[in-house]
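Numbering (our numbering), first residue to last: 50 to 326.
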């Protein structure tokens with residue numbers, strides 16, 4: 050097991066090239082937030098935007114449009130009941146599942162439109178519905194971001210057995226294509242090809258609703274703008290908890306929205322420490 054440290058963030062986050070534009074840093078589609086769980090879509094999008102994604106579109110239930118426009122004028126918002134095929138074809142990254150509830154029709158439409166060119170984050174309700182309906186993984190480079198109960202459903206590894214690394218590896222190898230797994234817990238682990246990484250920062254001050262939605266948004270931002278997807282996932286996971294740990298110096302609870310707000314300054318600090326190649 051490899052300890053995940055700040056070094057990975059310093060290596061991944063680069064000073065931005067002067068000759069660049071919005072498209073340089075990736076086009077991201079977030080499909081999230083039913084009528085009752087619009088906050089998940091907001092936290093996804095806030096983390097993706099503050100984390101540096103070039104263009105972010107949120108496909109959500111229409112009841113969430115006003116709140117998203119008010120909170121995040123940088124995001125584009127569409128009704129997720131419409132045909133999303135053209136939109137999906139034009140993006141690099143798709144994050145689906147946070148607060149999606151039981152919107153199975155929408156989930157199936159999105160999964161069917163994905164191709165090998167897409168980087169795909171499957172989160173929250175997407176994993177639950179896929180487990181219930183026995184849906185296969187879609188095409189693309191897949192990142193799974195379950196908490197332990199979601200992994201029990203989707204990976205069919207009981208929570209009590211998840212402490213044994215071999216059980217999680219066996220579940221991943223059986224999947225096609227084999228995905229990256231970010232298994233969220235008090236000691237989050239990242240299963241990456243033939244390597245297992247253990248998070249070394251973070252704590253109980255992160256036990257707040259929306260924490261996973263923010264992490265998924267950070268992962269989306271990082272894989273959209275940094276070329277090496279594997280290392281970008283590691284950097285996102287570390288950054289999320291490292292910021293929370295800093296905030297915990299003066300706060301009993303670290304709110305997910307405060308983590309997102311702290312991303313630009315944290316990323317600037319890391320970019321300034323990027324090793325010279």
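Ideal placement from N, C-alpha and C gives every residue a C-beta, glycine not left out.
Discussion item. Give me the residue from 190, 194 and 171 with the minimum Cα distance to residue 184.
Written reply: Here residue 184 corresponds to residue number 135 of the chain shown, with the count starting at 1. It is 171.
Worksheet entry | Coarse secondary structure for residue 177, derived from DSSP in three states | For the purposes of this step, residue 177 is identified with residue 128 of the chain shown, where counting begins at 1. In the structure shown, residue 177 adopts helical secondary structure according to DSSP, grouped into three states.
Discussion item. Short of 8 Å in beta carbon distance, which residues of its chain neighbour residue 182, apart from the five on each side in sequence? Order them along the chain.
Written reply: In the chain shown, the residue the question calls residue 182 occupies position 133. These residues qualify, in order along the chain: 153.
Worksheet entry | For residue 52, the residue or residues it bridges with in DSSP | For the purposes of this step, residue 52 is taken as residue 3 along the chain shown, with counting starting at 1. Per DSSP, 247.
Worksheet item: Considering only residues of the same chain and omitting the five flanking positions on each side of residue 139, which have a CB-CB separation below 8 Å?
Response: Working through the chain shown from its first residue, we reach residue 139 at position 90. By the criterion of a C-beta distance shorter than 8 Å, residue 139 is surrounded in its chain by 76, once the five residues flanking it on both sides are discounted.
Worksheet item: Under the three-state reduction of DSSP, which class applies to residue 129: helix, strand or coil?
Response: Mapped onto the chain shown, residue 129 falls at position 80. DSSP places residue 129 in coil when its eight states are reduced to three.
Worksheet item: What does DSSP give as the partner residues of residue 172 in its beta bridges?
Response: Here the question's residue 172 lines up with position 123 in the chain shown. DSSP, once it has assigned bridges, lists 194 as partnering residue 172.
Worksheet entry | residue 257, DSSP secondary structure in three states | As a working note, residue 257 is residue 208 in the chain shown. Of the three classes helix, strand and coil, the one that applies to residue 257 here is coil, per DSSP.
Fill in: Cβ-based neighbour list, residue 55, same chain, cut-off 8 Å, excluding 5 preceding and 5 following
Mapped onto the chain shown, residue 55 falls at position 6. Take residue 55, set aside five residues on each side of it, and the residues of its chain with a beta-carbon closer than 8 Å to its own are 287, 291 and 319, in chain order.
Worksheet entry | Beta-carbon contacts of residue 92 that lie in its chain and below 8 Å, excluding the five residues immediately before and after | As a working note, residue 92 is residue 43 in the chain shown. The answer, listed in chain order, is 147, 259, 262, 263, 266, 305, 306 and 309.
Worksheet entry | Sequence-distant residues of the same chain with beta carbon closer than 6 Å to residue 321, five excluded per side | To locate residue 321, count along the chain shown from 1; it is residue 272. If we look at residue 321 and ignore the five residues flanking it on each side, it has no Cβ neighbours.
Discussion item. I believe residue 109 touches residue 82 by the beta-carbon criterion, under 8 Å. Please report the beta-carbon distance rounded to the nearest angstrom.
Written reply: Sequence index remark: in the chain shown, residue 109 carries index 60 (1-based). Sequence index remark: in the chain shown, residue 82 carries index 33 (1-based). Residue 109 to residue 82, Cβ: 4 Å. Contact.
Discussion item. Check whether the stretch 124-138 and the stretch 62-77 touch, using three or more Cβ-Cβ pairs below 8 Å as the test.
Written reply: no
Worksheet item: In this structure, does DSSP put residue 69 in helix, strand or coil?
Response: The residue you call residue 69 lines up with position 20 of the chain shown. In the three-state scheme derived from DSSP, where H, G and I count as helix and E and B as strand, residue 69 is classed as coil.
Worksheet item: From residue 113 to residue 252, what distance separates their C-alpha atoms?
Response: Taking the chain shown and counting its residues from 1, the one referred to as residue 113 is at position 64. Taking the chain shown and counting its residues from 1, the one referred to as residue 252 is at position 203. One C-alpha to the other measures close to 31 Å.
Practice prompt. Can you give me the start and stop residues for the beta strand (DSSP E) that residue 240 sits inside?
Written response: The sequence position of residue 240 within the chain shown is 191, counting from 1. That run of the beta strand (DSSP E) goes 238-241.
Fill in: Endpoints, alpha helix (DSSP H) assigned at residue 308
Here residue 308 refers to the residue found at position 259 when the chain shown is read from its first residue. Membership of residue 308 in the alpha helix (DSSP H) is indicated by the continuous run 305-321.
Worksheet item: Rounded to a whole number of angstroms, what is the C-alpha to C-alpha distance between residue 326 and residue 277?
Response: Within the chain shown, numbered from 1, the residue matching residue 326 stands at position 277. Within the chain shown, numbered from 1, the residue matching residue 277 stands at position 228. Here the model assigns residue 326 a pLDDT of 48, short of 50, so the residue's position is not dependable and the matter cannot be decided.
Worksheet item: CA-CA distance, residue 151 and residue 177?
Response: Position 102 of the chain shown, counted from the first residue, corresponds to residue 151. Position 128 of the chain shown, counted from the first residue, corresponds to residue 177. So the two alpha carbons sit approximately 9 Å from each other.
Practice prompt. List the endpoints of the continuous alpha helix (DSSP H) containing residue 155.
Written response: If you number the chain shown from 1, residue 155 lands on position 106. Taken as a continuous stretch (DSSP letters only), the alpha helix (DSSP H) holding residue 155 covers 153-162.
Practice prompt. Provide the residue span of the alpha helix (DSSP H) that contains residue 213, from first to last.
Written response: Within the chain shown, the letter at position 164 stands for residue 213. First-last for residue 213: undefined, no H or E at that position.
Worksheet item: In terms of residue numbering, what span does the beta strand (DSSP E) encompassing residue 79 cover?
Response: The sequence position of residue 79 within the chain shown is 30, counting from 1. Per DSSP, residue 79 belongs to the beta strand (DSSP E) from 76-80.
Worksheet entry | Buried or exposed (CB count within 10 angstroms, at least 16 for buried), residue 84 | The sequence position of residue 84 within the chain shown is 35, counting from 1. Label assigned to residue 84: exposed.
Worksheet item: Which residues mark the beginning and the end of the alpha helix (DSSP H) in which residue 232 is found?
Response: Counted from its first residue, the chain shown places residue 232 at position 183. First-last for residue 232: 229-232, but that is the beta strand (DSSP E), not the alpha helix (DSSP H).
Discussion item. Closest to residue 296 by C-alpha separation, out of 270, 86 and 315, would be which residue?
Written reply: In the chain shown, counting from the first residue as 1, residue 296 sits at position 247. It is 315.
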